[in-house]
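Protein chains in written order, with our numbering: chain A, 1 to 415; chain B, 1 to 369.
In structure tokens:
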């Protein structure tokens, strides 16, 4: 499809259908039925079979014309792409439209108190009854679970198989008595995540995704989408949010709720962007030791930026060969964040003790100092990244496994 | 600006790679390390005549091939990988760039073609190899061009045919040429930690040099950037080789009934080293692309030198540590790279000096903007 064709076709649709006075849901329903909400999806399921490049043209036109698109932010995208890849036709028909319209919010129920880095060690039970699955256990680190309508859930349906083979993947209704969501307050005072307690919660038999025992394979799809999201960075809200009209007002409210868990995310990256300005304002730039540390930080941030650019240029030119981009980039982000916090501390001196809106940069520096520990944990710890780099890039031998054989016999927390 | 090597550059790299694999084995390196001049004239004439390497980065009108810092970097990366022993860096890079940047037209026409074709081996005498602002303290030129003073570290000083000298004049710095066998020249071989790169002390007593150019501070800074980035390429080449061989060693060495590379303590250290190498490579290649694209002063050359030096040294320390006792023996090859890493770290400015310069440039460019 040529750019001009897309532009003409979409332009005609927008001229005919879009009005800022529509409700957000009504507008998105029109988008969904015309296939413009997710043009890269199959035509059979609300899309237009567009390539990624063609879909990019669509989103550029949306941005230029300040048109509100499908709901994007948060874990709903993970659910949508996973259902699209592994779901039954009925599941796709039932769940995908309301994800695109934003009528349903979703959350991810993977991590558990007893299985963090070792995600496949999940011990939440899924017991098959005559007409439903009965779910019991506890999940943790569930972003947006407190206003989610549905969750994507990994639970153990067979305890006699090896651990990766006994997992199944479910779509669970969060609005039921067996599901209790409690916010989890973090060391920086925010509560971006929740704990979810599942006590005799029910999942209809139809809401199993993939076959019983295929849960790990399905979860791998979700995780790879999540990692792509890490690499791309989060949506900062459509430019359309500033415009006037009902659809924009409702979008602004949606984004406020969706983005709330992420307000402190720039701070967990160490805010190296504020370093030079802070060093000049405080006069710390005159100190030779500080200058050295600023230069070291600058080396890291620039090298990470250049390296990422070289990788993408290599790929664009059709280059082959394994480039250790993902895990190295993530490990680099941790190193940069720690270094930046260290330099901020040097620059601030004793005033680094102060926090709150009256402290440096409206409290941003203080929030940075107490948020950076998160970056080397979330989305796979530094230690796991190092294992991945060592084993998959450098080809170093795997450690001997202690978790083979039936899952019920594997030593685990509290057993 | 370029972000990755072109197809032609990749092909060139393969040719250079094969050449040094063949002609700079560790056996050859060890033999040459024991000699006084430290290079094999046969290999030198092959790399000069067959491949034309010394003229790679020099201008075509002066007998060079007219390529730039990127192609030169490719050569040096391969030289660092194989620890090539010979006067390439001193003659083609240091003296070559000095003539290109500082010499008068007539001197370039006369001298650069011989450096480009390798028939003359020159070396550059700077009396301080720490930073450009300190050059010109020890060697003085009088009004008739007689040179007096001493440079404590001259690369390949014992084997050079010609010295290109930066000397202090009444006002500013001048560029001089002097035959190695001229009157009043005393060359004393110095012991270096790195036996694969020979150094000498050169003392001049009223030696009659030929004045061939003027050295401005701006040109000296540009020179420093070019040679620093060339050296950074040598360092990442050496570091990459060390990582490859160290990782291979951990796969084959068994203790406690398993390959030591299966222990997380070693895996994590290697993963960190790979990240440091990837970052140093990115910085070094980017610096080469920047130098090729413009003569605007940027932070990237100093950033490359600082990062490559820290990376090479970290890698060398780890390469010995991960081998345990055997890594500390003379018989094991690792120390050859360790010693090159140590000398490259301080040659042309230790990392802290380059970092200091980065901040100076950052502040200056901020004020301009």
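Virtual Cβ for every residue (Gly too), placed ideally from N, Cα, C.
Residue 294 of chain A places its beta carbon less than 9 Å from that of residue 275 of chain A. In this structure, residue 152 of chain A lies near residue 79 of chain A, with their beta-carbon atoms less than 9 Å apart.
Contact between the region 301–315 of chain B and the region 219–236 of chain B is present: 3 or more CB-CB pairs across the two stretches fall below 8 Å. For residue 399 of chain A, the C-beta contacts it makes with chain B under 9 Å involve 258, 262, 263, 264, 267, in order along the chain.
Between residue 279 of chain B and residue 304 of chain A, the alpha-carbon positions lie close to 6 Å from each other. With respect to chain A, the C-beta atom of residue 292 of chain B has no partner C-beta closer than 9 Å. DSSP, reduced to helix, strand and coil, places residue 348 of chain B outside both helices and strands of the structure shown, so it counts as coil. For residue 176 of chain B, no alpha helix (DSSP H) encloses it; the enclosing beta strand (DSSP E) starts and ends at 173–179. Taking the beta carbon of residue 296 of chain A as reference, the chain B residues within 7 Å of it are 355, listed in sequence order. Close CB contacts of residue 60 of chain B within its chain, under the 6 Å cut and outside five residues either way in sequence, are with 66 (chain order).
DSSP places residue 274 of chain B in the helix class (H, G or I) of the three-state scheme. When the Cα atoms are used, residue 312 of chain B and residue 236 of chain B turn out to be separated by approximately 7 Å. Within 7 Å of the CB of residue 314 of chain A, the CB atoms of chain B belong to 4, in sequence order along the chain.
It is roughly 55 Å from the alpha-carbon of residue 104 of chain A to the alpha-carbon of residue 288 of chain A.
Taking residue 247 of chain B as reference, the option from B:255, B:260, B:256 with the minimal CA-CA separation is B:260.
Across the structure, residue 14 of chain B and residue 336 of chain B are spaced so that their CA atoms are roughly 24 Å apart. The beta carbon of residue 20 of chain B sits closer than 8 Å to those of 78, 79, 81, 82, 84, all from its chain and outside the five residues before and after it, given in chain order.
For residue 376 of chain A, the nearest beta carbon of chain B is not closer than 9 Å to its own beta carbon. Identification of residues in the region 383–412 of chain A having a C-beta nearer than 9 Å to some C-beta of chain B yields 383, 385, 386, 387, 388, 389, 390, 391, 393, 394, 395, 396, 397, 398, 399, 400, given in sequence order. Here the region 113–122 of chain A makes contact with the region 155–175 of chain A; the two share three or more CB pairs at distances below 8 Å.
Taking C-alpha positions only, residue 208 of chain B is separated from residue 152 of chain B by approximately 20 Å. With its beta carbon at least 9 Å from every one in chain B, residue 123 of chain A lies outside the interface. Around the beta carbon of residue 190 of chain A, 16 or more other beta carbons lie within 10 angstroms, which makes this residue buried. Neighbours of residue 334 of chain A in chain B, taken as residues whose beta carbon is under 8 Å from its own, are absent, since the nearest beta carbon is some 10 Å off. Distances from the alpha-carbon of residue 358 of chain B to those of B:50, B:193, B:221 put B:221 closest. DSSP places residue 143 of chain B outside both helix and strand once states are collapsed to three, so it counts as coil. Between residue 17 of chain A and residue 27 of chain A, the C-beta gap is smaller than 9 Å, which places the two residues in contact. For residue 82 of chain A, the enclosing alpha helix (DSSP H) has its first and last residue at 76–86. Take residue 51 of chain B, set aside five residues on each side of it, and the residues of its chain with a beta-carbon closer than 8 Å to its own are 15, 16, 19, in chain order. Here residue 344 of chain A really is in contact with residue 278 of chain A; their C-beta atoms are around 7 Å apart, less than 8 Å. Look at residue 206 of chain B here: in three-state DSSP terms it is strand. Bounds of the beta strand (DSSP E) holding residue 168 of chain A are 167–173. At least one CB atom of chain A sits nearer than 9 Å to the CB of residue 299 of chain B.
Under the Cβ distance rule, residue 348 of chain B does not count among the residues neighbouring chain A, no pair being separated by less than 9 Å. Non-local beta-carbon contacts of residue 136 of chain B in its own chain, meaning distances under 6 Å to residues more than five positions away in sequence, involve 168, 173 in chain order. Rounded to whole angstroms, the Cβ separation of residue 112 of chain A and residue 137 of chain A is 7 Å, and the two are in contact under 8 Å.
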